[in-house]
Every structure is written in C-alpha cells, then in structure tokens.
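A.B. asks:
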Amino acid sequence: MALLQISEPGQSPDPHQRRIAIGIDLGTTHSLVASVRNGVAECLPDEQGRVLLPSVVRYLENNGRQIGYDAVASQLQDPVNTIASAKRLMGRGLNDIHEKASLPYELIAQSDAEGAQQGMVAIQTAGGVKSPVEVSAEILATLRFRAEDSFDDDIYGAVITVPAYFDDAQRQATKDAARLAGLNLLRLINEPTAAAIAYGLDNSSEGVYAVYDLGGGTFDISILRLTHGVFEVISTGGDSALGGDDYDGALAEWVLAQHGLKATTPHEKTAVRIAARQCKEALTNSESAQFTATLGDQSLDFTVTRADFDAAAAALTQRTLAAVRRTLRDAQITKDEVQGVVMVGGSTRMPHVQAVVADFFGKAPLTNLNPDEVVAIGASIQANQLAGNNSAGDLLLLDVIPLSLGVETMGGLVERIVGRNETIPTAKAQDFTTYKDGQTAMAIHVVQGERDLVQDCRSLARFELRGIPPMAAGAARIRVTFTVDADGLLNVSAKEEGSGIEARVDVKPSYGLSDDQIAHMLQEGFATAQHDMRMRAVVEARVDADRLLMATERALKIDGDVLSADERTEIDALMQALRELHKTSDDAAALEAGTQALAKGTESFAAQRMNRGIREALAGKNIETL
C-alpha cells in the first residue's frame, strides 16, 4: 500500500511546490510560449533572446526539417517545401481553401486506407505528404522544447489558444497537434478570451469590452463582461479565413494589376507574398514604402503609398466591421455601451485598421500591451491556474461556443440543440420520436452551423441508435443529449426513455484524420512521436517515483521510530535503489518496477503508522466515552 499525500484539489502537495505550466499562442504568422514566473506572466525567449517563432516549417529529404527563422530564410530558395500559415489549413478540406492558386506548395486531398477522399487537405513535400496537424505539431514541439530549456525541467501541461470562430473540426485538429507534440493539453481557450484575461488582470479592468483580434490568418471579435475576476464571454464572431495574409494578397494583387503582371511559378508567388508583407509592415511607420520583387527575368520596384494600401485593403477591413456588427447584435449591446476596445494580433498595427475601429466605436482602442504577446500571456495565466499554482483562485472563465450544434431531421432540416454563444461547458437535451410505425433504429446526424439546411452546415458525426422497441410512429421518446466540454469539444448521446437503450459518440469531426491515420502518424509518420511518447512515459514514471520518495521521506521523519533496524535498512535500500533509477534510467518499465517495489516494501510501515495513530487517538478513553 503506497502512502497517500493529501492536498487540496488541483494543488501541489506542498505550498512551495509548483507545476510548470505554459500558455501557447499557435499563430498563423508567429507563435509564442509564455509562463508565469515569480508571479509575472512573460513570454519565453529562445537562445538568441527572440520571443517570436515564425510559424514556418521546411521539410527536407531523409526526414529532415527546419523550423522557425531557419525555415523563413529558405522560403525563397525552396518555396515548394516551406510551409507557412498552416493554421489556415487546420481542419479544412481541399474545397475549403480558396487561395490554393496563390500558394507556392502543392495541396492534395488526404486519402484514407480504402482510397476514398477524406475531407482534410494535405501538403506534398520532399519529406512526404504532411498534414496541417503535423506542421502545427512541429511548431508546438519547438515551443515545448524552448519552455523545457527555460525551466530546465519538464512541463506539466499547456493551454493552447485558438480563434474564437474555429469550428469543432479545427479545434479537434489543434488538439491532435498538441498530442503529436507530446504536450499535456490542459485546455483550449479562445484567443480573444486569453487577451481579455491579460488585460483584465494587468489593468484591473471591469465592464463590457470588445476584443478585436486580427491575426495573420484569422479574425475574431468577442464581447466580454469583466467583473471581479469573472470573464464572461457574451458573444463571439469572426472569420476564420480573414487575416494579415489576405492583406498581403490584396496588396500583391493591386501592385501586379498596376503593371499587368501575374505570378505563376512557386518562386514568383513566394517572392510577391514576401514583398507585400515587407511593404505592408514598412507602411505601418511611414507614408510610403517600396514593393520590390523579381518575377522571372523582370524586376519589380514600385513605390506604394499608405493611401494606396488602404484603398486596396478597404474591403477586407469592412468585412471585419460586418462581423463586429453581427456580434454586437448577438450580445444585444450597442457600440456605445462598449467601455473599451482591446486590439490583439500583429495585423492590428496597421494604422488604417486602428483608425477604422476607433471611428466605429467612437473611442481610441487599447494598445498598451504588445498585440503579438498578449494572447500568449493570457493563456499562461490560465495555465498557471489550471495547474493549481494560483492559490487565490480568483479567475473564473466563462467562454462560449461559436457556432450552433444540432441534428438532422426529416427533410434535411437542422434542429438546433445548442445555440451559438452558449456558455461552456454545457449540456443540452431534446426529445425526438420515430417517423414510421415499427421503426427499430434511428440515425443521428450531428451538424454545426447557423443555416437551416443540413447541406449548408458542417457535418460533424453520424451514429445509430438500434434496438428501439417496435411501436406506433410518434410513440417512442428518444432523448438526444449534447455535452460540450471546456475545450469546446462535443459528445452526443441518444437514449430511448422507455427501454433504456442508449448510443453515444465522442465527436471526431470528419476533417480527414481517421483514428487509423492518427495512430499511424503517432507511430510511424511523425519522426519524433515515438520518442516523445517514450519520454512522456519516462517522465510520468519519474513523477510517480518522486511523489512516493517524498511521501516516504516525510513519513520516516515523523514515524520512523516505529520501525526495527532491519525494517529501516530494507526501506532505505529500496529508496536508494529508486533514487538511482530516477537519476540514471530512461526505462519507464524499470522506474515503475522500482516504484512498485518501494510501495510494497512500505506496506508494513504504513500499517504500523496507522496503528500508532489509532492508539494515540484512543489514549485515555474507554468504551463508555466513545
């Protein structure tokens, strides 16, 4: 019998102990990792002191890869194998990608084992076919290693941010990427919510706030109410295919149109995109900038004014305002009731965007926190609490589901069960009945979206409830229950109330990764996955060994005198053997065996401690007083 250490739920056994938890902003253009150190949330730099990690991966032959700045440096020379903005491909099918023609790398439809085309897009590289999940996992793993190097210790868990408007498929894809990267995912939280956490805690803000989040690939708008440490998301909206990349594309198209040119080869498409991004960034601080690119044997050097860029991108900014108006309507709040506007995401640095937002809300937006870092900082604060390090526990997060969830009914109609902007976690149920006399089975088709027809919504899952007792049409009572967890992920169950028969499904959206494919990626396709899994098992075994050693040492200090000399020698030997294994062994099985040996060797000691405790409790008492 192992000795138990009692502590408050979620808290470390000793007050001075803390679990290392990190917040990760998995961005379209850049990614960051942050953690709470010495009570302050801060972004963790790499060896060169850089906190930003470009979300770019270059795949080489023989399973080689470059990640981050090294990959960016290779973009022009090897555009076909250098994958940027993979976040925009997460959970998406080939038909969902509208900008395929402008991408330098080759997109293909992922095939399953039977050869049927699945939903998720994949990328053809020199290192083989890669899914966006794998690309994102490379970035997450790099950030994980950076955090481990910063603390010289293992990471307990991570909170990863996602755009508020990410649907279930995109969230599941992000969760799978975390799995592949060897991260213990504590929670997925929405990026605007993470930003609100950072602003609310750093500035003690209260009231109704709008979080305008324009990143490299996605746009989110959230309306939040902040009150005494409670972060309540009232409504959320946005566009998961609108971001800084689109502004780059609009500028590039405008410049090419001025010269009657077209980018056709992968090298030309990459050169134009890089030139557009550099020009856009330069226009943030100056009224004009050069657009310089080489297309084949033609050199393009053109002066772009800020007014030119604003005109070329005006339609994109107006798309963000349309989403803002919808979200305000959903929240039943006027723009005058909004106390402050928080600007998040590197793309909000564009003067045009700031001016349009200020004009719309009638007040200058808040920009006093770094828009690149604020999301990661908020995620790290949430991670710190979920790890049990925040003894105050004064942060309550009430997030919402971005899109309605429902089931298909007769005629291909959608019956919504969980409405959008419902606070999560949540559980909702609705009763349905049979359509035909004697019907013994019912097919449940789970969909997500705001349209009334199934064909216009996203299909998430299908399952069947069988064994319904035959009865007249309409007599059966079948309760369908939707449960959405804190990550925004879905479980659906169906139960016939009369007979009690039940069926359920954990929704794994049809974004193209089957269970077999995930298993294959974990075991074979992803080079570091097997190693990561082994290391995780070792880390878990070491943690268990640590806990038992600490508990045994504590017990020996208090009650070691109950042991005979031989018993004490035997326990000391077992502890020393486990310590040696802890220091030197990378074999999870050996560590587990050593832990079990110590646990078994201390069973007699635990019994003697218990007997002593009982004796002390009963000392001086008799039967009549008990």
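Residues in the sequence shown are numbered consecutively from 4, following our numbering.
Where is the CB? At the ideal position from N, CA and C, for every residue including glycine.
Every value quoted in this text rests on a predicted model; they were computed, and no experiment measured them.
Report the start-end ranges of each alpha helix (DSSP H) in the stretch 63-134 that is 4 residues or longer and not cut off at the edges.
C.D. replies: With a minimum length of 4 residues, the continuous alpha helix (DSSP H) runs that stay inside the stretch 63-134 are 72-76.
A.B. asks: If contacts are defined as beta-carbon pairs under 8 Å, then F294 and A278 qualify, I think. What distance do you get, rounded to the angstrom?
C.D. replies: F294 to A278, Cβ: 5 Å. Contact.
A.B. asks: Which partner residues does Y212 have in the DSSP bridge list?
C.D. replies: Y212 pairs with L227 and G343.
A.B. asks: In the structure shown, what three-state DSSP assignment does N614 receive?
C.D. replies: Note: N614 maps to helix in three-state DSSP.
A.B. asks: I'd like the span of the beta strand (DSSP E) that includes Q635, first residue to last.
C.D. replies: Given that the chain is displayed from residue 4 to residue 629, the structure contains no residue 635 and the question cannot be resolved.
A.B. asks: Determine contact between the stretch 421-435 and the stretch 457-465, defined as no fewer than three beta-carbon pairs at a distance below 8 Å.
C.D. replies: In short, these stretches do not touch, since the Cβ pair count stays below three.
A.B. asks: Taking the DSSP output, what are the residues bridged to S34?
C.D. replies: According to DSSP, S34 bridges with L56.
A.B. asks: Beta carbon of Q442, beta carbon of V483: below 7 Å?
C.D. replies: Contact flag unset, no.
A.B. asks: Report the option in D562, V165, A444 and V449 whose CA atom is closest to the CA atom of G470.
C.D. replies: The shortest Cα separation from G470 among D562, V165, A444 and V449 belongs to A444.
A.B. asks: Do you know how far the Cα of H585 is from the Cα of D248?
C.D. replies: Approximately 48 Å between the Cα atoms of the pair.
A.B. asks: Could I get the ranges of all uninterrupted beta strand (DSSP E) runs contained in the stretch 361-436, with 3 residues as the minimum, in chain order?
C.D. replies: Segments of the beta strand (DSSP E) lying fully in the stretch 361-436: 399-403, 408-412, 416-421 and 429-435.
A.B. asks: Looking at the strands, I want to know which residues DSSP matches up with L456.
C.D. replies: Bridge partners of L456: L416.
A.B. asks: From the DSSP secondary-structure annotation, give me the bridge partner or partners of H448.
C.D. replies: Answer is R465.
A.B. asks: For A119, which residues in the same chain have their Cβ closer than 8 Å to its Cβ, ignoring the five residues on either side in sequence?
C.D. replies: Only weak support exists for where A119 lies, its pLDDT of 37 falling under 50; the value from the coordinates is given anyway. Hits under 8 Å: none found.
A.B. asks: Rounded to the nearest angstrom, how far is the Cβ of A197 from that of V378, given a contact under 8 Å?
C.D. replies: At roughly 5 Å, the Cβ-Cβ gap stays under 8 Å, so A197 and V378 are in contact.
A.B. asks: Just to confirm the assignment, what range does the beta strand (DSSP E) spanning I25 have?
C.D. replies: From DSSP, the beta strand (DSSP E) with I25 extends over A24 to D28.
A.B. asks: In whole angstroms, what is the alpha-carbon distance linking E500 and V508?
C.D. replies: Using only the alpha carbons, I get a separation of about 18 Å.
A.B. asks: DSSP state of R480, grouped into three classes?
C.D. replies: Here R480 sits in coil by DSSP.
A.B. asks: I need the straight-line Cα distance from A74 to V449, nearest angstrom please.
C.D. replies: Answer to the nearest angstrom: the Cα atoms are 40 Å apart.
A.B. asks: Classify L555 as buried or exposed, calling it buried when 16 or more other Cβ atoms lie within 10 Å of its own Cβ.
C.D. replies: A quick correction: the sequence has Thr, not Leu, at residue 555. Counting Cβ neighbours within 10 Å, T555 comes out buried, since at least 16 surround it.
A.B. asks: Would you please state the rounded distance, in angstroms, between the beta carbons of L406 and R423? I believe it to be under 8 Å.
C.D. replies: So it is a contact: roughly 5 Å between Cβ atoms.
A.B. asks: With 16 as the cutoff for other CB atoms within 10 Å, does S567 come out buried or exposed?
C.D. replies: Result: exposed.
A.B. asks: Per DSSP, M151 forms a beta bridge with which residues?
C.D. replies: The question names Met, but residue 151 is Glu in the sequence shown. Paired residues: none, contrary to the question.
A.B. asks: Considering only the alpha carbon of each residue, which of L186, T177, R182 and L183 lies closest to N193?
C.D. replies: With distances taken between Cα atoms, N193 lies closest to T177.
A.B. asks: With a 10 Å radius around its C-beta and 16 neighbouring C-beta atoms as the bar for buried, classify M353 as buried or exposed.
C.D. replies: Buried, since its Cβ has 16 or more Cβ neighbours within 10 Å.
A.B. asks: Mind checking whether P368 and G348 have CB atoms under 7 Å apart?
C.D. replies: No. Outside cutoff.
A.B. asks: Apart from the five residues on each side of it in sequence, which residues of its chain come closer than 8 Å, Cβ to Cβ, to D604?
C.D. replies: Checking the displayed sequence, the identity of residue 604 turns out to be Gly instead of Asp. Here the set comprises E573, I574 and L577.
A.B. asks: Below 8 Å on the Cβ atoms is my guess for L189 versus A161; work out the distance and round it to an integer in Å.
C.D. replies: The Cβ separation is near 6 Å, so the contact holds.
A.B. asks: Which residues in the same chain have their Cβ closer than 7 Å to the Cβ of P107, if we skip the five residues on either side of it in sequence?
C.D. replies: The residues are P82, V83, P269, K272 and T273.
A.B. asks: Whose C-beta lies closer than 8 Å to the C-beta of L63 among residues of the same chain, with five residues either side of it excluded?
C.D. replies: Q69, N84, A129 and G130.
A.B. asks: Would you call I617 buried or exposed, if buried means 16 or more other Cβ atoms sit within 10 Å of its Cβ?
C.D. replies: It is exposed - the Cβ of I617 has fewer than 16 other Cβ atoms within 10 Å.
A.B. asks: Over what stretch of residues does the beta strand (DSSP E) that includes E45 continue unbroken?
C.D. replies: Element bounds for E45: V43 to C46.
A.B. asks: Mapping DSSP to helix, strand and coil, what is F312?
C.D. replies: DSSP places F312 in helix when its eight states are reduced to three.
A.B. asks: Roughly how many angstroms separate the alpha carbons of G219 and L55, rounded to a whole number?
C.D. replies: Between G219 and L55, the C-alpha separation is close to 13 Å.
A.B. asks: When you compare each of V307, V356 and I158 to Q320 by their alpha carbons, which one comes out closest?
C.D. replies: A small fix is needed here, since residue 320 is Thr in this sequence, not Gln. Taking only the C-alpha atoms, the option nearest T320 is V356.
A.B. asks: Restricting to Cα atoms, I'd like to know which of R322, L298 and S289 is closest to T306.
C.D. replies: Ranking the options by Cα distance to T306, first place goes to S289.
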